[in-house]
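A short write-up of the structure that comes next.
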Amino acid sequence: MTPEQRRRNRRTGWVLALFAVAILVWTFVRANLYGVVG
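Mapping the sequence shown onto the working numbering, position 13 (from 1) lands on 37, and the numbers just tick up by one.
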């Protein structure tokens with residue numbers, strides 16, 4: 025793998041990680057809001 029490919033792979037990994045964390049946080053916040061409403 026060339027350094028450019030490794031850099032692109034690392035950036036893609038960070039994007040996927042941030043996306044996964046965002047989904048977890050959004051689900052957690054939504055569950056808490058529904059818990060407060062319920």
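Yeah, the Cβ is synthetic: ideal placement off N, Cα and C, and Gly gets one too.
**Where the alpha helix (DSSP H) through Thr26 begins and ends** = It is not in any alpha helix (DSSP H) - Thr26 carries neither H nor E in the DSSP assignment.
**Separation of Arg54 from Ala46, as counted between CA atoms** = 12 Å
**Item:** Alpha-carbon to alpha-carbon, Val60 and Leu48
**Value:** 18 Å
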